[in-house]
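A.B. asks:
Encoded structure:
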């Protein structure tokens with residue numbers, strides 16, 4: 379049943395790409411507020427376009443694996459969970475520089491927390507204790 383196997387594989391690839399896009403939309407979501415704060419009203423699909431461009435760059439740089447999708451989702455969760463409280467507590471609405479700096483800090487924290495060597499080092503440290 380090669381035809382069924384091919385169809386299942388194509389559906390699986392589609393699901394992985396969709397998960398990658400949805401994960402990236404939470405990573406680029408703060409850019410909508412940044413654009414609004416500088417006076418540019420982005421269209422409703424701007425986040426999806428930005429996510430698609432980043433996904434294309436990621437896919438050109440490395441093969442599509444579920445591990446990549448999991449890292450993107452982890453970064454998106456960190457950006458969302460840290461950026462929104464920063465936005466509210468520091469009252470950054472309308473401050474484009476503050477929005478970009480807080481987004482960059484959250485993005486850096488997300489990348490650092492999902493960096494595989496960091497996880498391996500933490501796991502080795504926990505096993506040693």
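In this note's numbering, the protein residues as written are 379 to 507. For glycine and all other residues, C-beta sits at the position ideal for the given N, C-alpha and C. Fair warning: this is a prediction, and the values are worked out from it, not measured in the lab.
(1) Is the stretch 472 to 488 touching the stretch 426 to 435 in the sense that three or more CB pairs, one from each, lie closer than 8 Å?
(2) Residue 495 and residue 415 look like a contact to me (Cβ under 8 Å); what is the Cβ gap, rounded to whole Å?
(3) How would you write the range of the alpha helix (DSSP H) that residue 422 sits in, first residue to last?
(4) Which residues in the same chain as residue 451 place their Cβ atom closer than 7 Å to its Cβ, once the five residues preceding and following it in sequence are excluded?
(5) Just to confirm before moving on: does the CB-CB distance between residue 488 and residue 453 stay below 8 Å?
(6) Indicate whether the contact test is met: 3 or more Cβ pairs, each with one atom in the stretch 429 to 444 and one in the stretch 452 to 470, closer than 8 Å.
(7) Give me the Cα-Cα distance between residue 472 and residue 399, rounded to the nearest whole angstrom.
(8) Residues in its own chain within less than 7 Å of residue 410 by CB, not counting five upstream and five downstream?
(9) Check residue 469 in the structure and name its three-state DSSP category.
C.D. replies: So, to answer that:
(1) no
(2) At roughly 36 Å, the Cβ-Cβ gap does not stay under 8 Å, so residue 495 and residue 415 are not in contact.
(3) Note, residue 422: premise wrong, no alpha helix (DSSP H); not H, not E.
(4) 401
(5) yes
(6) no
(7) 27 Å
(8) 420, 424 and 425
(9) coil
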